[in-house]
Every structure is written in C-alpha cells, then in structure tokens.
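In the numbering used here, the protein residues as written are 120 to 283. The beta-carbon is built from N, C-alpha and C at its ideal position, and this holds for glycine as well. In this text the structure is predicted, and so the values were computed from the model without any measurement. Written below as structure tokens is the structure these notes are about.
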C-alpha cells in the first residue's frame, strides 16, 4: 500500500516451519513529504473594458489544488479549480484584488490591480436633408470616451473622438 501518514512503527516478524520458528523485529519509518506553499507568478496588473469579455489566469508553482480571488469588479468571477478569472466587467474603475493559491503545504497570495475602462459610447446624428446643419448632441451623463459620427447626405462622414 501507500503510506498516508508519517511516523515510525515497530513490527515483529515470525517465520515457522517444521524445524521451529524464528522472530525478527523490524522498524519502519515513514518520512513526511515536505510540500511547499504555492508561489503566484502571474502578472500583477491587468485591464479590460466595461461590456467586453475579460479573462485572466492565475499561475503558480508547487501544484495548487484550489484558487480564490477577493475584491473582483462586478461581472467577474473565478473558477476555484482552474484559477481562471473571467466574465464581462460591468463597472469602470480600478480594483485591488487579492489572489490566493492553496495546496497541502499552505497558501500563497498576490495583489492584482485590475483597471476597467469605461465603454466607448457612440452617438449618430442623421440630419436628413441636403444642406441641413447638424450642430451636435449629448451622449449621456456618464464620463468616459466618446465617439461622434455625423452622417452627411452625400455619403460624407465626419468622425470625432475625445474624452468628456
């Protein structure tokens, strides 16, 4: 069999035949296997954009058996068996996430900084008639990047980008 615990045991062996019997004492020592705690080596920063799928994999040495992440932005979750953080972020901002990898030797941790950018918002103005003038429009009340597209009658386009 395969030993499951460390320690020392003493066993007395006896052999018998027609000529008599003999005994021998045997000492068996099972040494403890030293397992080191995982050391996380994956990047300490990652970024994404609201509304776009994001995936990040925790990598670690010493054969982790489980993973965890606390402080994830909304819309993201972790597969505790594989260490894959995935999902679609729902909120812009910077989050400090604590990563953990665990095995029988203990746990290793690392801080991950996740930066989620606001989604780009597009506004389209169709002026509708030749010679009409489009003077602008609002693109909502949120902050972030914007894309403004003016469709002009003769197929001309005026595109502007910027930050509010």
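Taking the alpha-carbon positions, what's the residue i to residue j distance?
i, j, result
"residue 134", "residue 145", "13 Å"
"residue 214", "residue 235", "8 Å"
"residue 163", "residue 222", "21 Å"
"residue 158", "residue 191", "20 Å"
"residue 229", "residue 182", "16 Å"
"residue 154", "residue 238", "45 Å"
"residue 142", "residue 224", "40 Å"
"residue 151", "residue 127", "11 Å"
"residue 206", "residue 177", "15 Å"
"residue 209", "residue 220", "26 Å"
"residue 131", "residue 156", "38 Å"
"residue 231", "residue 218", "7 Å"
"residue 169", "residue 120", "54 Å"
By a C-beta neighbour count over all protein chains shown, 10 Å radius and 16 as the cutoff for buried, is residue i buried or exposed?
i, result
"residue 172", "exposed"
"residue 195", "buried"
"residue 122", "exposed"
"residue 227", "buried"
"residue 147", "exposed"
"residue 184", "exposed"
"residue 138", "exposed"
Name the DSSP bridge partner or partners of residue i?
i, result
"residue 158", "Paired residue(s): none; residue 158 is not in a bridge."
Looking at residue i and the ligand FAD, is the gap between the Cβ and the nearest heavy atom below 7 Å?
i, result
"residue 190", "For the structure depicted, the ligand FAD is absent and the ligand set is empty, with no information on it obtainable."
State yes or no: is the beta carbon of residue i nearer than 8 Å to at least one beta carbon in chain B?
i, result
"residue 229", "Given the protein chain composition of this structure (a single chain), no chain B is represented."
Query raised in the report: In chain order, which continuous runs of the beta strand (DSSP E) of length 3 or greater are located wholly inside the stretch 177 to 215?
Result: Within the stretch 177 to 215, the complete beta strand (DSSP E) segments at least 3 residues long are 185 to 189, 195 to 198, 203 to 206, listed from N- to C-terminus.
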